[in-house]
Amino acid sequence: MLTIGITLGQESQSSQPDSTLPPIGPLEVRTILLQEDGVPTASSFARLNTSFPELFSFTVCYRIYLLRFREESTLMSYAVSENKDNELRMDHRLTGYKVSLHSRWAKTVLETPLNQWAHFCISFHHPTGEWKIYLDGEMTDKGAFPMTSESLVGSGAYIIGQEQDSFGGGFQRDQSFSGEITQLNFWSRVLDEGTIRKFASCAEEEAGDALAWDSQVWDVYGKVRWMVRQKDDICQQQKRSFTIFPDRFSLSEALHLCQVVGGIIAVPQTDEENAWLYNESKIHDAYCSGGQSSYLWLGANDEKVERQWVYWGTGEPIPWESKWRGDGPNGGTVENCLVLLSGTFPGRWSDIACLDTYSFCVPCEFETRTSIYLKGPAMCEGSPFNLQYMLGDSVGGRPALVGFLHTDIFWDQERGSWVMRSLKDSDAVATWTPIQEGMYPFGNQEWHLETEVCGIPSGGTVNLTLSVCGAGMFTCNDGRCISLKQRCDLRVDCADQSDESRCSIVDLPEGYHIAIPPPAAAGNQTLPIFFTVNIIAFPTIVTQDLTFVASMQLKLRWQDTRLNFLNLHDDRTLNLLSEEAVASVWTPRVFFRNARGNIFTNLERGSRVEGIRQGEARPGPPSRPEEVNIYPGYESSLEMSQLYSVTYSCDFELLMFPFDAQLCRLHFELVSASSSYMTLIPSGANYTGQNDLIEYTIGKVSIKMDEEGEFSSVSVYVRFQRRYVFYLLTLYIPSTLLIIIAYATFFFNPQDFNSRIVVALTSLLVLSSLYTQTSNSLPKTSYFKLVDIWLFFSIVMIFIVVLLQTLIDFSATFTRKNFLRVCCTGSSETDKSQNSARNNITKIVVSNNMSNDEQHSRAISNGWIQDESALPLRYRTPNVYPVNIPLMIKSRFLIPFIFSVFNMAYWGSALTYLHSIED
């Protein structure tokens, strides 16, 4: 290898670059290898020593083997003057593939594969400005540059491996290239997709008509050398790879290790793979076997069906079997695991019992290259350590981890530690010493810093996580990956239970002060506090005391833009803040203004403060020791809830009792700050309890904002509609029946005054008793209630019946007295003889001491006369009705008329009121 120092900028450059080309055979190609050691430098590049042609439309293709990314990773740059240093430039960055033409960029998110050969092409059609990019023969992106008549001027400075900030110079190490390049060709036309596909697969070869790789002369500088590769090696698209871990592991440990690094225990699929695996691992067979012939675990078993070998985990059958020791597996159903042998049967397979008492080395296989991520407080912006790594060659007897840019993690045998070293800053070193032999730094480990990194002083320790867990995944302490949705979901998913530890969902910024309310969001003058009340029940409603008890759940929701929330779930019950977190964040305070007692919202037992997931998650920065999804506080919210049982006073309006409805108010006032700083916004009021209570039916529940006082407040209004059916059955119907009974006395025997008056008075007495009982059960009011009017009317009605019955009887008695006074006075002899004759006719024996007038009067009044024609004319009944009959008949119509008129007015007003309540 020839390495020549040159001075360029602040670094050395040789005045005589090397341009010697190594000879090649017909199946070989030359490659240029830059920065093989991975150390970024501004002094390694190759410059075209022949003239670069002028181009209009063109296609450029090449193959590269990228060893490391750089911050910009400029593969080639072409400058024609000091002011035109980006006429043609191609960057293979970690964030995507980018091409510049005349300082205009074609940007893609196409990621260049690491540590494997890749074929790239880009075509440009000058008349339309259209460009297309191809990777391994497949078009991955296209677009168009602004149309221009300008050509790509020839005879400029064409550099591989550095970006020119001036004509032919101005290099920077972060814009350099680390890797190999070959078969760089330019065509002065746009190649079709089929042709490019053939070039990529090595089915055809064609030298560029504008610039051909094999016919150009290159000057190489610095850490650059020519290499010779087989065409089959650069054309092969083999992505399957193996890594051998030369430490002894039990079967369960081997399965775990390969899972942690993103692979599975290897099972060769061809003779070539089996031979390679044996040849690469046989130097460790003595240690790996522990004195036995079996020394390497293979990733298959036949536990379910004898001699049907399947992969661990997937259960898929293996596609190929190697030569076995003897005639094949001979352990029967006892030996169901697969191992590779050495010694007497080198490279042969054998079955063995699946016991953790056996310990062998383990090879892991990978279908694709696996990225391993480093996270932790030492990974801040500007950290000298890389975020991404991949398994590389052995260093210190164990596989090393190669950083994507400029950091390596490797085993240092002398220290007995794993060392993380930056190739960009040689002083940036961190170490981890395992507690026992054969441990690897995967998972969450405590590293020792030998220099200051991200504000952590030299000599300090820091927890760093190393795992294959990418976006949306969480790393268990042992290195396993689970979905980030399984983090802190009250179910153990990591074997070490690390997924259910450190479950705080609030990230407090430095300088957060709990006594200071959150600032209002952009565009708002005050902080909105959303208020929701869910009334669960009304355990007690005491009409006499004008009070009721409400059991309710109060919810307050607000945004604190100072906070960030971590790993919020869709199921909000999983987003519960711990008591420590609740004590460290600001929470609003609400006063129950019209409740009995001095009652405020509280965070006592039974309270909950939950994070409300809103907006999209942002992945946490790599500077955190564990993976998180971050939800900014200006999108997501906090909600505080608590159950309360509170006694309220209510001004019951009983005018329409028992058809009344009471509108009671629950008044809440935000006392954390005045209304100029924060506003209580009504969000909802619901009643979830039983609608029909003992005495009331719960009607409409509403909420509205109040605009009164110094503090913002809301009021919840609850309508209690009295259940009047009880009063209909126990008051209205009985009283109506009593009126009917009293009224029925008008249909009794007109001459039977005693029966009529006794029934009417009894009805009046019963009704009075009912009135007294009802009045005692109601609160005392200074006004008449609707029920009072009914009862008073009922008493008046029966009183009128009694009065009418009295008038009827009085009028009848007065008529009889007048009749007797006229007909029964006088003492002539004629009258005496007639009296004697009457006595004989009536055949009724009367007392000797009665006068004649008294006897005739009693006979007439009691209907004793059977034939009045035998009586004297003066003793016969008058041929007219008594005066009480017309009054009785009129009373029969008068009472229903009064009752009907009153009821129409009474029930009309009651029904109108009930209808208004329903509306």
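Each residue of the sequence shown is one higher than the one before, counting from 1 in full-length UniProt numbering.
Where a beta carbon is used, it is the ideal one built from N, C-alpha and C, also for glycine.
Taking the alpha carbon of Gly438 as the point to measure from, which residue in Pro22, Gln413, Val462, Cys454 has its own alpha carbon closest? Gln413
Go ahead and pull the three-state DSSP assignment for Lys98. strand
Between Phe56 and the rest of its own chain, which residues show a CB-CB distance below 7 Å, the 5 nearest in sequence each way excluded? His126, Ser151
For Ser417, I'd like the list of residues in its chain whose CB is within less than 7 Å of its CB, leaving aside the five on either flank, ordered along the chain. Thr431, Trp432, Thr433
Which of the three DSSP states is assigned to Met797 in this structure? Correct three-state label for Met797: helix.
Check whether the stretch 454–467 and the stretch 541–560 touch, using three or more Cβ-Cβ pairs below 8 Å as the test. no
Beta-carbon separation (whole angstroms), Ile265 vs Val362, contact threshold 8 Å: 6 Å
Burial state of Val718, where buried means 16 or more other Cβ atoms lie within 10 Å: buried
Ordered along the chain, which non-local residues of its own chain (more than five positions away) have a Cβ less than 7 Å from that of Trp117? Around Trp117, the same chain offers Arg63, Tyr65, Ile234 as residues with beta carbons nearer than 7 Å, after the five sequence neighbours per side are excluded.
So, with DSSP's three-state summary, where would you put Gly908? helix
Beta-carbon separation (whole angstroms), Val260 vs Gly479, contact threshold 8 Å: 4 Å
Alpha carbon to alpha carbon, how far is Leu791 from Ser900? Give it in angstroms, no decimals. 15 Å
For Ser322 and Pro268, believed in contact at Cβ under 8 Å, the rounded distance: 6 Å
Consult DSSP for Val585 and reduce its assignment to one of helix, strand or coil. coil
Check whether the stretch 670–682 touches the stretch 508–526, counting contact only when three or more Cβ pairs, one atom from each stretch, lie closer than 8 Å. yes
By the three-class DSSP mapping on this structure, what secondary structure does Asn564 have? strand
Might you give, ordered along the chain, the residues of its own chain that have their beta carbon closer than 6 Å to the beta carbon of Trp320, omitting 5 neighbours on each side? Gln269
Check whether the Cβ atoms of Ser712 and His667 sit closer than 7 Å, and answer yes or no. No Cβ-Cβ contact shorter than 7 Å links Ser712 with His667.
Contact between the stretch 643–651 and the stretch 588–597 (3+ Cβ pairs under 8 Å): yes
Looking at the secondary structure, which residues open and close the alpha helix (DSSP H) in which Pro734 lies? 733–744
Any contact between the stretch 358–377 and the stretch 284–291? By contact I mean 3 or more CB pairs, one from each, below 8 Å. yes
Under DSSP, the alpha helix (DSSP H) around Lys231 begins and ends at which residues? 231–235
Between which two residues does the beta strand (DSSP E) containing Ile244 stretch? 241–249
Looking at C-beta atoms only, is the number of pairs between the stretch 37–47 and the stretch 216–223 that lie closer than 8 Å three or more? These segments touch.
Pull up the distance between the alpha-carbon of Phe531 and that of Lys555, whole angstroms please. 6 Å
For Pro268, which of helix, strand or coil comes out of DSSP? coil
To the nearest angstrom, how far is it from the Cα of Thr140 to the Cα of Gln237? Their backbone Cα atoms lie some 17 Å apart in a straight line.
Leu94 versus Leu67: straight-line alpha-carbon distance, rounded: 12 Å
Using a Cβ-Cβ distance under 7 Å, would Glu710 count as near chain C? Absence of chain C from the displayed structure is noted, only one protein chain being present.
Roughly how many angstroms separate the alpha carbons of Val402 and Met390, rounded to a whole number? Whole-angstrom Cα-Cα distance: 5 Å.
DSSP on Gly406, reduced to helix/strand/coil? The amino acid at residue 406 is misidentified as Gly; the sequence shows His. DSSP places His406 in coil when its eight states are reduced to three.
Check each candidate in Thr526, Pro441, Arg572, Ser584 and name the one with the smallest Cα separation from Val510. Here residue 510 turns out to be Glu, not Val, going by the sequence shown. The option with the nearest alpha carbon to Glu510 is Ser584.
Of all the options Arg229, Gln175, Asn185, which has the alpha carbon lying nearest to the alpha carbon of Leu27? Arg229
Which same chain residues, not among the five before or five after Leu75, have their C-beta less than 6 Å away from its C-beta? Met90, His92, Phe177
Is there contact between the stretch 786–803 and the stretch 900–911, where contact requires at least three CB pairs shorter than 8 Å? yes
Limits of the alpha helix (DSSP H) - the one that Leu767 falls within: 753–776 is the extent of the alpha helix (DSSP H) around Leu767.
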